[in-house]
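A.B. asks: Supplied in structure tokens, the structure appears directly below.
So this is what it looks like as structure tokens:
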């Protein structure tokens, strides 16, 4: 089966991204530069796979910086696994910190709702009182 040769628009539809996203990823060197045929850029199934890799990595909340770094290390053999593990471990720590912060924020918002629900009708909203610093 012959490899597909695609325009940027066809690639964008195949990978469910925008044309501008593809151009941005090219500038970051996240995807290979396309070959040029007759002045037009021609993309292949490899580009679709690269875009799916990026989407999957982003779904794991890896940053584009991490994805660029990992892409650069793909050809390094056994060291690639250690590099990947280090990046993913760091991202996991960051996500755990975000979860802790979100848990704290959720508790604060629940407390706001409780104070609001139990306030006397003649008193101002306690949520606004807590958000506006006293002068």
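In the working numbering, the protein residues as written are 421 to 555.
Note that the Cβ used here is the ideal one computed from N, Cα and C, for glycine as well.
Everything numeric in this text was worked out from a predicted model, so none of it was measured.
1. So residue 473 and residue 426 are in contact, right, with Cβ under 8 Å, and what is the actual spacing, rounded?
2. Can you find the residues in the same chain that come closer than 7 Å, C-beta to C-beta, to residue 421, ignoring five residues on each side of it along the sequence?
3. When you compare each of 549, 439, 517 to residue 461 by their alpha carbons, which one comes out closest?
4. With distance defined between alpha-carbon atoms, name the residue in 437, 466, 547 nearest to residue 451.
5. Bridge partners of residue 456, per DSSP?
C.D. replies: The short version:
1. A Cβ-Cβ separation of about 17 Å leaves residue 473 out of contact with residue 426 under the 8 Å criterion.
2. Residue confidence for residue 421 is low, a pLDDT of 48 falling below 50, so the modelled location carries little weight; the figure read from the coordinates is stated next. Taken in chain order, the list of residues that qualify is empty.
3. 439
4. 466
5. 461
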